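To start, the structure under review is shown below, and the notes come after it.
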Amino acid sequence: MLSGDQDIPDGIGMARLAWTRLPTADGAVPEGAAAPASPSASDDELFAGVVESLDYEVIENCAYREEQAQRSKFWVPYYVMLKWLFALLIGVGTGLAAIFINLAVENFSGWKYAVTFAIIQHSYFIGFLVYIIFNLALVFSSVYIVTHFAPAAAGSGIPEIKGYLNGVDTHGILLFRTLVGKIFGSIGSVGGGLALGKEGPLVHTGACIASLLGQGGSAKYHLSSRWVRIFESDRDRRDLVTCGCAAGVAAAFRAPVGGVLFALEEVTSWWRSHLMWRVFFTSAVVGVVVQSAMNWCKSGKCGHFGPGGFIIWDISGGQEEYSYQELFPMAIIGVIGGLLGALFNQLTLYITKWRRTYLHKKGKRVKIFEACLISLITSTISFVLPLLRKCSPCPELETNSGIECPRPPGADGNFVNFYCSKDNEYNDLATIFFNTQDDAIRNLFSAKTFHEYSAQSLITFLVLFYSLAVVTFGTAVPAGQFVPGIMIGSTYGRLVGMFVVKFYKKLDVEEGTYALLGAASFLGGSMRMTVSLCVIMVEITNNLKLLPLIMLVLLVSKAVGDFFNEGLYEVQARLRGIPLLDSRPKQVMRNMSAKDACRNQKVVCLPRVSRIVDILSVLRSNKHNGFPVVDRGQNGESLVIGLILRSHLLVLLQSKVDFQNSPFPCGPGILNRHNSSDFVKPPSSKGKSIDDIHLTEDELGLYLDLAPFLNPSPYIVPEDMSLAKVYNLFRQLGLRHIFVVPRPSRVVGLITRQDLLLE
């Protein structure tokens, strides 16, 4: 119980007691913001109806404590066992989803190129039309699914999932229809040849699978089960979604360790050792499932799905050693990656802002037309430009290299024969343009292929594909940026490699090695990942000897990129109105106090026993999600007895079973009327609204005792604590509210480490 000031106007407001409203702490519905009459009331509407904070804090009310007391000694082992079972199911489900997506994408792409190559043997014009129609049909299916069925499936989904794990829930991101839209939308957008990838959507897919398993399925589509509805709190769902994110990366890149580190470094704001074990186990399960599918497909039962079905570009046979002379051009690759990555982030920010402000407001048809127009432009560029490029004679290749020049039409590999007059010629621009992105990257990474590409072709491809990637990002289709980033980076990396071979005249330099470093540098310059990206690049290339070089270019590119702007996911999160809390507070917060942060606030409080009509009035006139509850002490002084959530008030008003005629506190019998599951908000949903409450005139005159339902022990800070310290406490504990109180007048006790080491 906290002691407040005695000055309480109208028995409700407390003049000197407030709770913090940290900058961007709760975007959609700022807790404890000023009353509507205050100057800061306009901030309340900034994210209204878009995002809402999650309740990671345990609400230790009477219902919670009663449930804890009634649980048997077998509850904890059962609870832990279910967590491990769900980790297994998340890994299996995400692995199967990744297999399905890759099978579909590879087969659609294989059929497309096989048919096109067969037709162009007779007519390039008809082949061009078939190629365009095939891509348009796939892209149209993707954008139609997103616009009409699952709007939250657009984009990569990583900014939204990062926001969720940071404590902000965006409506619709974890629903069943979002999962379906993400899977089938990714097949259409990637299979349709757009300049985007399926890796980001796979992370979102894993998160959706984890959330749906945690809530027991989808009640809306009658695909639910009550026996698995044990993880109802936001804290438990957060752990499951973290496992799903790691599983998505592990499935996308066949990089289990990289998936664990990605979840740790990039998306989570809160971590503990027990969660690490379950995330590691989930990623390992994904690796087993994916490898089993790969082994099964080797028998030829998967159609066009071949070695390129899952991303793994084995360059273990590439450059073995490097000299100190090569460190300088490698550092230059890092600088180029930082500059191009920062430019990419800024351009996508401007274009996405314009698209959201002027284009997408015009309706679904405009979104569909935009995606189809970009598909038409992309298909035209990838088909027509190689026609304008003069073919080159096939180089002399080693007999044991396994590389064929030219490769047969419609087959995977280097040296594409496209619009060439002779049989022993190939089109280097078609090798990377008129190809799937995975195969194009494999060609750019390939070793023992000196002089396969001309500098003119690489520069042409870099400029055009970079432009296409910038324009495509933000369309209403599921879109990832990992593979396009690798494409862009490997192109200029190979250019630098060609320069090194020519300048240093060293025959043991592999251009494919520099392509790999370029890919790492662009991803580091754009996404600003270091440890996880380094491990992912090592896992997908199967070459541990390049680890120091990858680390070098990542450090350089991240440093250069940080000089200009934030990472891609942070930029997109803020553009989508997701108020992320960074890992460190701003420097200005060190010179501010908690009192400064809530100086302009007029706190809205509720008395312990409140009239129903007063509660409704407060809920309708304020958008806050939490209200301090005050009571009169024995000496007549006002005491803050806890915090009541808006969602809990709505549940109580809708149930009506706790209404009473007396304006005095009720007895203990009320404890048997509710359990903690009654107050659980469905995941990724708007929950109950004040418009759902329907009360009669007689019911409006009744009373409600809030004491059994409030949180009696909210976190508090003294008013003169630095805002930086409050920020760290708020973020690290995953809080939604903090009370700011005057300096306490006396000390009840002092807890040390020894007091917490209970036998």
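So the sequence shown is numbered by UniProt numbering: it starts at 1 and just counts up by one. Beta carbons are placed, not taken as given, at the ideal position from N, Cα and C, and that holds for glycine. These numbers were taken from a predicted model, which means no experiment stands behind them.
Original post:
How about Gly181 and Val190: do their beta carbons lie closer than 8 Å?
Top reply: Locating residue 181 in the sequence shown gives position 181, where the first residue counts as 1. Locating residue 190 in the sequence shown gives position 190, where the first residue counts as 1. No, the Cβ-Cβ distance between Gly181 and Val190 is not below 8 Å.
Original post:
Apart from the five residues just before and just after Ala519, which ones in its own chain have a Cβ nearer than 6 Å to its Cβ?
Top reply: Within the sequence shown, residue 519 is the residue found at index 519, counting from 1. Contacts found: Ile486, Gly489, Ser490.
Original post:
In or out: Val747 buried (at least 16 other Cβ within 10 Å) or exposed?
Top reply: On the sequence shown, position 747 is the one that residue 747 refers to. Label assigned to Val747: exposed.
Subject >> Gly525 vs Gly338 beta-carbon contact at 8 Å >> reply: The sequence position of residue 525 within the sequence shown is 525, counting from 1. The sequence position of residue 338 within the sequence shown is 338, counting from 1. Yes, the Cβ-Cβ distance between Gly525 and Gly338 is below 8 Å.
**OP:** Would you list the one or two residues that DSSP bridges to Glu510?
**Re:** Residue numbering aside, residue 510 sits at position 510 when the sequence shown is read from its first letter. Partner(s): none; Glu510 has no beta bridge.
Subject >> Supposed close pair Asn675, Ala69 - CB separation, criterion 8 Å >> reply: Along the sequence shown, read from residue 1 onward, the residue named residue 675 stands at position 675. Along the sequence shown, read from residue 1 onward, the residue named residue 69 stands at position 69. Between Ala69 and Asn675 the Cβ distance is about 12 Å, and since that is not below 8 Å, they are no contact.
Subject >> Closest residue to Ser375 among Met498, Leu136, Phe86, Thr460 (Cα-Cα distance) >> reply: In the sequence shown, the residue the question calls residue 375 occupies position 375. That would be Leu136, whose Cα lies nearest to the Cα of Ser375.
Original post:
Can you find at least 3 beta carbon pairs, one from the segment 463-480 and one from the segment 417-429, that sit closer than 8 Å?
Top reply: no
Original post:
What are the boundary residues of the alpha helix (DSSP H) that Leu729 is part of?
Top reply: Position 729 of the sequence shown, counting from 1, holds the residue named residue 729. Residues 723-732.
Subject >> Proximal residues to Asp234 (C-beta, below 7 Å), its chain only, five neighbours per side dropped >> reply: On the sequence shown, position 234 is the one that residue 234 refers to. Taken in chain order, the residues that qualify are Leu54, Asp55, Tyr56.
**OP:** With distances taken Cα to Cα, identify the nearest neighbour of Glu539 among Val257, Ile145, Ala246.
**Re:** Numbered from its first residue, the sequence shown carries residue 539 at position 539. Answer by Cα proximity: Val257.
Subject >> Presumed contact (8 Å Cβ cut-off) between Ala469 and Ala252, rounded CB distance >> reply: For the purposes of this step, residue 469 is identified with residue 469 of the sequence shown, where counting begins at 1. For the purposes of this step, residue 252 is identified with residue 252 of the sequence shown, where counting begins at 1. About 18 Å; that fails the 8 Å criterion.
Subject >> Host alpha helix (DSSP H) of Glu404 (start-end) >> reply: The residue given as residue 404 occupies position 404 in the sequence shown. Unbroken run through Glu404: none, as it is neither H nor E.
Subject >> Member of Ala342, Pro484, Val105 whose CA lies at the smallest distance from the CA of Gly303 >> reply: Here residue 303 is taken as the residue at index 303 of the sequence shown, counted from 1. It is Val105.
Original post:
Can you check whether the CB of Pro712 is closer than 8 Å to the CB of Ile641?
Top reply: The residue given as residue 641 occupies position 641 in the sequence shown. The residue given as residue 712 occupies position 712 in the sequence shown. Contact flag set, yes.
Original post:
Which of helix, strand or coil does DSSP assign to Gln68?
Top reply: Reading the sequence shown from its first residue, position 68 is the one you call residue 68. Look at Gln68 here: in three-state DSSP terms it is helix.
Original post:
In whole angstroms, what is the alpha-carbon distance linking Thr348 and Glu566?
Top reply: Locating residue 348 in the sequence shown gives position 348, where the first residue counts as 1. Locating residue 566 in the sequence shown gives position 566, where the first residue counts as 1. Rounded to whole angstroms, Thr348 to Glu566 spans 12 Å at the Cα level.
Subject >> Residues near Asn615 in its chain [Cβ-Cβ closer than 8 Å; skip 5 each side] >> reply: Locating residue 615 in the sequence shown gives position 615, counting from the first residue. Note that residue 615 corresponds to Ile in the displayed sequence, not to Asn. The answer, listed in chain order, is Leu606, Leu649, Leu653, Leu704.
**OP:** Identify whether Ile641 lies in helix, strand or coil by the three-state DSSP scheme.
**Re:** Start at 1 with the first residue of the sequence shown, and residue 641 comes out as number 641. Looking at Ile641 - three-state DSSP - the assignment turns out to be strand.
Original post:
What residue range is occupied by the uninterrupted beta strand (DSSP E) comprising Met755?
Top reply: Along the sequence shown, one-based indexing puts residue 755 at 755. First, the residue type needs correcting, since residue 755 is Asp and not Met in the sequence shown. From DSSP, Asp755 is part of no beta strand (DSSP E) but of the alpha helix (DSSP H) over 753-756.
Original post:
beta strand (DSSP E) containing Thr436: first to last residue?
Top reply: Counted from its first residue, the sequence shown places residue 436 at position 436. Neither: Thr436 is in no beta strand (DSSP E) and is coded neither H nor E.
Original post:
Below 8 Å, can you find three or more Cβ-Cβ pairs linking the segment 126-142 to the segment 286-294?
Top reply: no
**OP:** Please name the residue or residues paired with Asp562 in a DSSP beta bridge.
**Re:** Along the sequence shown, read from residue 1 onward, the residue named residue 562 stands at position 562. Partner(s): none; Asp562 has no beta bridge.
Subject >> the segment 589-598 touching the segment 619-633, judged by at least three CB pairs closer than 8 Å >> reply: no
Subject >> C-alpha gap between Glu266 and Met529, whole angstroms >> reply: Numbered from its first residue, the sequence shown carries residue 266 at position 266. Numbered from its first residue, the sequence shown carries residue 529 at position 529. Roughly 7 Å separates the two Cα atoms.
Original post:
Taking just the CA atoms, how far does Arg65 sit from Ile644?
Top reply: Your numbering for residue 644 matches position 644 in the sequence shown. Your numbering for residue 65 matches position 65 in the sequence shown. About 16 Å.
Original post:
Given that a residue counts as buried once 16 or more other Cβ atoms are within 10 Å of its Cβ, and exposed if not, what is Glu404?
Top reply: Here residue 404 corresponds to residue number 404 of the sequence shown, with the count starting at 1. Per the 10 Å Cβ criterion, exposed.
Subject >> Beta-carbon contacts of Ala207 that lie in its chain and below 6 Å, excluding the five residues immediately before and after >> reply: Within the sequence shown, numbered from 1, the residue matching residue 207 stands at position 207. Ile161, Val241, Gly244, Cys245.
Original post:
Does DSSP put Pro484 in a helix, in a strand, or in coil?
Top reply: Locating residue 484 in the sequence shown gives position 484, counting from the first residue. Pro484: helix per DSSP, three-state reduction.
**OP:** Identify which residue in Gly259, Arg238, His204 has its Cα closest to the Cα of Val535.
**Re:** The count along the sequence shown starts at 1 and reaches residue 535 at position 535. Considering only alpha carbons, the answer is Gly259.
Original post:
From Trp277 to Val80, what does the alpha carbon distance come to, in whole angstroms?
Top reply: Here residue 277 refers to the residue found at position 277 of the sequence shown. Here residue 80 refers to the residue found at position 80 of the sequence shown. Cα-Cα distance, rounded: 12 Å.
Original post:
Expressed to the nearest angstrom, what Euclidean distance is found between the alpha-carbon atoms of Val143 and Phe149?
Top reply: The count along the sequence shown starts at 1 and reaches residue 143 at position 143. The count along the sequence shown starts at 1 and reaches residue 149 at position 149. Val143 and Phe149 have their C-alpha atoms spaced approximately 10 Å apart.
**OP:** For Glu52, name the three-state secondary structure that DSSP assigns.
**Re:** In the sequence shown, the residue the question calls residue 52 occupies position 52. In this structure, Glu52 counts as strand in the three-state DSSP scheme.
Original post:
Any idea if Ala515 is buried or exposed, counting beta-carbon neighbours within 10 angstroms, 16 or more meaning buried?
Top reply: The residue labelled residue 515 in the question sits at position 515 within the sequence shown. Result: buried.
Original post:
Is it true that the CB of Tyr569 sits closer than 8 Å to the CB of Met537?
Top reply: Mapped onto the sequence shown, residue 537 falls at position 537. Mapped onto the sequence shown, residue 569 falls at position 569. For Met537 and Tyr569, no; Cβs fall outside 8 Å.
**OP:** Return the Cβ separation of Gly687 and Ser745 in integer angstroms, given the expectation that the two are a contact with Cβ distance under 8 Å.
**Re:** Taking the first residue of the sequence shown as 1, we reach residue 687 at position 687. Taking the first residue of the sequence shown as 1, we reach residue 745 at position 745. Not really, about 39 Å apart at Cβ, beyond 8 Å.
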